[in-house]
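Trainee: This is the structure I have questions about; it appears just below.
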């Protein structure tokens, strides 16, 4: 386990869908809401585009947490992309647990285009939760004892 | 002109790849005719010092099977790399880690504890464990160091070609040897002896719409031998696996388990298989999805049966030596 320095800040990779969650995050910004800057947002057209490989790659490359956010169920711009995401995330969460990655480091949230405040709250909550957990630092896992 | 030199070596493997070469039957005599075999510990008596005495780059073709799990194998990987013109990761273990790579759910301490203390057939009251070095009256005895993590050959040394398969099928081995003889190998870094499509492309089963309400293990149902197994709820790694094997497992009503590794342009075979499996679940209800997914007892073992070391995450993270893999799975289930 890596001991974090005093000014350590978690790195969280966020995959946000273009039509709801990204617009929600945009609204949080244009409304000048103040929230934790730890989520690095990657905009995708739909959460259904998120290959589980993206999440694995984020953790491998040094992310301390990953968040997937999209339209509320029933609101998907492409009808059912977010339902596909529920299935993938459910299965991926089981894999990550077996890999030794705490399920709290990987979240799925629904944020509509009008929910700027909700996005700000989620980002705050997740940053605080991961800060409490400490760095994941996956490269340490592969070092030979 | 002297004959081209051939070396075959085995590291962490079962010996099946050696059988794959021997299965060339009469053609094995051609191999012996064409090549001057300089190392093949499974078949003939060679010493490592004979290989050490060879000039660098003097072996034309080295077929290296098995993953790297201890210091002797790592030494041989470096030695054969230096002595070979073309180093080939032969078979799945050398290519993606293979079955020995599943040891990456544990580490040295957990494996030793299991093997030297816990197995029911073990009687080891003195708690004997392998030592790297031991003094006997005749001198010093040494053993290679057993590593925590199994690695693929390419994670240890640069590799020219990869031949997947557990073991590689006979026709593909023949084709590769033929290509070597004719000097028709593709650019270094290529996967040879396999196709650029998935196993589904080799499979002759009828495919309709993939929508399933539950997963079954092969012994739980008697599958229709003419229809796609995935559509019948049996987990088949075909869509996430490189073809070229001819789908022999599918022809005997067994699902593909993924031994030929990821198809071209896929970074992580397990991630792709997971994606494919999740996509075909016919439900929009989170509770129902949870129930369907729970029928897969071991997601990691299903997705990375042959490729844990080559996967993006590479191995399981263990906090100390506390959690053996089986308990980790139980804990994950309880969450």
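Chains as they are written, first to last, in my numbering: chain A, 126 to 270; chain B, -5 to 329. Positions of the beta carbon are idealized from the N, C-alpha and C atoms, including for glycine.
1) Secondary structure at residue 132 of chain A, three-state DSSP: helix, strand or coil?
2) Within 8 Å (strictly less), CB to CB, does residue 235 of chain A reach chain B?
3) Compute the Euclidean distance between the alpha carbons of residue 185 of chain B and residue 42 of chain B, then round it to the nearest angstrom.
4) Whether or not the region 282 to 296 of chain B and the region 200 to 216 of chain A are in contact is what I'm after, with contact meaning three or more pairs of Cβ atoms, one per stretch, closer than 8 Å; do they touch?
5) Show which residues of chain B have a CB atom less than 8 Å away from the CB atom of residue 225 of chain A.
6) So for residue 260 of chain B, helix, strand or coil by DSSP?
7) Would residue 156 of chain B and residue 89 of chain B qualify as a contact pair, given that the criterion is a beta-carbon distance under 8 Å?
8) From the DSSP output, in three-state form, read off residue 199 of chain A for me.
9) Under 8 Å between C-beta atoms, does residue 200 of chain A make it to chain B?
10) For the beta strand (DSSP E) containing residue 78 of chain B, list its first residue and its last residue.
11) Go ahead and label residue 26 of chain B buried or exposed: buried means 16 or more other beta carbons lie within 10 angstroms of its beta carbon, across all protein chains shown.
12) Look at residue 232 of chain B and residue 263 of chain B and say whether their C-beta atoms are less than 8 Å apart.
13) Output the distance between the C-alpha atoms of residue 15 of chain B and residue 124 of chain B, rounded to the nearest integer angstrom.
14) Establish whether the CB of residue 178 of chain A and some CB of chain B are separated by less than 8 Å.
15) Starting from residue 172 of chain B, find everything on chain A with Cβ-Cβ shorter than 9 Å and list it in chain order.
16) DSSP three-state call for residue 129 of chain B: helix, strand or coil?
17) Which residues, taken in chain order from the region 185 to 212 of chain A, show a beta carbon closer than 8 Å to some beta carbon of chain B?
18) CB-CB under 6 Å to residue 191 of chain B, same chain, minus the five flanking residues each way: which ones, in chain order?
19) Mind listing the chain B neighbours of residue 267 of chain A? Cutoff is C-beta to C-beta under 8 Å, in chain order.
20) Would residue 191 of chain A and residue 230 of chain A be called neighbours here (beta carbons separated by less than 8 Å)?
21) Identify the contact partners of residue 232 of chain B in chain A, using a Cβ-Cβ distance below 8 Å as the criterion.
22) Taking Cβ-Cβ distances shorter than 8 Å, what residues in chain B pair up with residue 215 of chain A?
23) For a cutoff of 8 Å on Cβ pairs, would you count residue 301 of chain B as touching chain A?
24) Going by Cα to Cα distance, which pick from B/222, B/93, B/99 is closest to residue 307 of chain B?
25) The beta strand (DSSP E) with residue -1 of chain B in it runs from where to where?
26) Quick one: residues in its chain with C-beta nearer than 7 Å to the C-beta of residue 185 of chain A, no 5 flanking neighbours on either side, listed in chain order?
27) Got a sec, what are the start and stop residues for the beta strand (DSSP E) residue 155 of chain B sits in?
28) Under the rule that 16 or more other beta-carbon atoms within 10 Å means buried, what is residue 142 of chain B, buried or exposed?
29) Determine, for residue 332 of chain B, whether the minimum Cβ-Cβ distance to residues of chain A falls below 8 Å.
30) Taking the C-alpha atoms as reference points, what is the distance between residue 130 of chain A and residue 225 of chain A?
31) Near residue 179 of chain B, which residues of its chain fall below 6 Å by C-beta distance, leaving aside the five closest residues on each side in sequence?
32) If I follow the unbroken alpha helix (DSSP H) through residue 241 of chain A, where does it start and stop?
33) Less than 8 Å between the beta carbons of residue 158 of chain B and residue 181 of chain B, yes or no?
Mentor: Looking at the coordinates:
1) Residue 132 of chain A falls in the coil class under three-state DSSP.
2) Chain B contact via Cβ: absent.
3) C-alpha separation (whole angstroms): 28 Å.
4) Segments in contact, yes.
5) Correct list: 310, 311, 312, 313, 322.
6) Secondary structure at residue 260 of chain B: coil, using DSSP grouped into helix, strand and coil.
7) Going by C-beta atoms, residue 156 of chain B is nearer than 8 Å to residue 89 of chain B.
8) In the three-state DSSP reduction, residue 199 of chain A falls in the coil class, being neither helix nor strand.
9) Not one chain B Cβ lies under 8 Å of residue 200 of chain A.
10) Residues 78 to 84.
11) Exposed is the call here.
12) Not closer than 8 Å, so no.
13) Those two C-alpha atoms are separated by around 33 Å.
14) Chain B contact via Cβ: present.
15) Chain A residues near residue 172 of chain B: none, gap ~35 Å exceeds 9 Å.
16) It is a strand residue.
17) So the list reads 185, 198, 205, 208, 209, 211, 212, given in the order they occur along the chain.
18) These residues qualify, in order along the chain: 237.
19) Proximity of chain B to residue 267 of chain A at the Cβ level (cut-off 8 Å) is accounted for by 143, 308, 309, in chain order.
20) The answer is yes: Cβ separation under 8 Å.
21) Simply none; closest approach about 18 Å.
22) Under the 8 Å cutoff, chain B gives 272, 280, 283, 284, 287.
23) Answer no: the Cβ-Cβ gap between residue 301 of chain B and chain A never drops below 8 Å.
24) Of the residues B/222, B/93, B/99, the one whose Cα lies closest to the Cα of residue 307 of chain B is B/99.
25) Counting along the chain, the beta strand (DSSP E) containing residue -1 of chain B begins and ends at -1 to 4.
26) Leaving aside the five residues that flank residue 185 of chain A on each side, the residues in its chain whose CB is nearer than 7 Å to its CB run, in chain order, 263.
27) Unbroken beta strand (DSSP E) run through residue 155 of chain B: 155 to 157.
28) Burial state of residue 142 of chain B is buried, judged by a 10 Å Cβ sphere holding 16 or more other Cβ atoms.
29) The structure shown does not extend to residue 332 of chain B, since chain B is modelled only from -5 to 329, so the question has no answer here.
30) Answer to the nearest angstrom: the Cα atoms are 23 Å apart.
31) 173.
32) Secondary structure note for residue 241 of chain A: its alpha helix (DSSP H) is the uninterrupted segment 241 to 258.
33) With respect to the 8 Å criterion, residue 158 of chain B and residue 181 of chain B are not classified as neighbours on the basis of their beta carbons.
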